[in-house]
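In this note's numbering, the protein residues as written are 0 to 313.
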């Protein structure tokens, strides 16, 4: 059975994340300590105890989700003896999860990943004033239909574009709030089952994030990126790569670009992957898997019991 290890994105955070892992495994505590030290912040306490309002801040949620994912990886590679190099054919991550995927595959250190994600969260939040941008989920439309809706909603300087192609019939759009509001109404006319505005702090993965992309280009230029031990299936291309320079460029493009998650998982299937292991908080990616391809099997690995069950598969 061929596996891809996949890593969740923002929205999968929850107060209490990682607490059972830390209690059960020294290797997990070690990861949380590394992240806390790298950020000079007691992020692990915020993860374990909240408050939720602070944890959901983009600059905290991004490194926190990575920390839980990497804690799971560290436990699997130590106590579970499940090495990414040996057991995964590919890695992939949804948006910020791409950084966790690269860290899991040894392309980035945990400390550097934590600092990059802290920066990423800060610059994405600052790129657009609160209230200026918005995002919405269009349910029941495919990507070309959603792109057509976004194009029609774009007027003058107010832009709207597809941000996440998550699964068949689930596309997220992003842009100026007024344009997103127009898109919601247009989508209903065009046959969307539902069009729902999302509770997000900024319009991610659209051209309005250009200032954040420029800041990340500067931060990534200083980061050490090694060839990953297994290839990454990248968000913006839905293709595999193991080239550090290309990875650096793709991480910059990802800030403003479409997250091609549906295509990425179909590409993994074409490349011989039969099963996905979602390592980290939540079960969002596991839930999307079956909708993307009926033959894709997915398991969520986030706590001690999950790790025990997952280890039995090898």
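Built from N, CA and C at the ideal position, the CB exists for glycine as well.
Please confirm whether residue i and residue j have their CB atoms less than 8 Å apart.
i: residue 21; j: residue 27; result: yes
i: residue 74; j: residue 103; result: no
i: residue 61; j: residue 9; result: yes
i: residue 6; j: residue 78; result: no
i: residue 287; j: residue 165; result: yes
i: residue 175; j: residue 146; result: no
i: residue 251; j: residue 212; result: yes
i: residue 148; j: residue 117; result: no
i: residue 278; j: residue 72; result: yes
i: residue 191; j: residue 152; result: no
i: residue 225; j: residue 105; result: yes
i: residue 44; j: residue 272; result: no
i: residue 113; j: residue 54; result: no
i: residue 309; j: residue 276; result: yes
Thinking C-alpha only, which one of the options is nearest residue i?
i: residue 200; options: 82, 77, 131, 209; result: 131
i: residue 204; options: 159, 247, 19, 286; result: 159
i: residue 68; options: 308, 300, 309, 312; result: 300
i: residue 115; options: 127, 88, 133, 65; result: 65
i: residue 141; options: 133, 152, 161, 157; result: 161
i: residue 247; options: 258, 216, 285; result: 216
i: residue 144; options: 220, 33, 185; result: 185
i: residue 209; options: 127, 308, 95, 46; result: 127
i: residue 134; options: 118, 121, 195, 242; result: 195
i: residue 235; options: 70, 95, 37, 34; result: 95
i: residue 35; options: 55, 218, 59; result: 59
i: residue 313; options: 86, 178, 111, 197; result: 86
i: residue 280; options: 16, 4, 0; result: 16
i: residue 193; options: 229, 168, 178, 219; result: 168
i: residue 97; options: 306, 291, 258; result: 258
i: residue 0; options: 294, 177, 307; result: 294
i: residue 76; options: 4, 180, 57, 48; result: 4
Return the Cβ separation of residue i and residue j in integer angstroms, given the expectation that the two are a contact with Cβ distance under 8 Å.
i: residue 100; j: residue 263; result: Between residue 263 and residue 100 the Cβ distance is about 11 Å, and since that is not below 8 Å, they are no contact.
i: residue 173; j: residue 2; result: Going by Cβ atoms, the distance from residue 173 to residue 2 rounds to 31 Å, so no, they are not a contact pair.
i: residue 19; j: residue 302; result: 5 Å
i: residue 219; j: residue 233; result: The pair is not a contact, with the Cβ atoms about 14 Å apart (cut-off 8 Å).
Per DSSP, residue i is paired with what?
i: residue 144; result: Paired residue(s): none; residue 144 is not in a bridge.
i: residue 132; result: 175
i: residue 137; result: 170, 194
i: residue 297; result: 275
i: residue 47; result: Residue 47 is not bridged to any residue.
What alpha helix (DSSP H) runs, 4 residues minimum, are completely inside the segment 84-123?
Every alpha helix (DSSP H) of 4 residues or more that sits fully in the segment 84-123 is shown, in chain order, as 96-103.
Counting only runs that start and end within the segment 8-44, where is the alpha helix (DSSP H) found for 4 or more residues in a row?
Restricting attention to alpha helix (DSSP H) runs no shorter than 4 residues, the segment 8-44 encloses them at 18-23, 25-38, ordered along the chain.
Counting only runs that start and end within the segment 213-288, where is the alpha helix (DSSP H) found for 4 or more residues in a row?
Note on the segment 213-288: whole alpha helix (DSSP H) runs with a minimum of 4 residues are 243-255, 260-269, in chain order.
My parser needs the alpha helix (DSSP H) runs of 4 or more residues fully inside the segment 152-204; what are they?
Restricting attention to alpha helix (DSSP H) runs no shorter than 4 residues, the segment 152-204 encloses them at 176-188, ordered along the chain.
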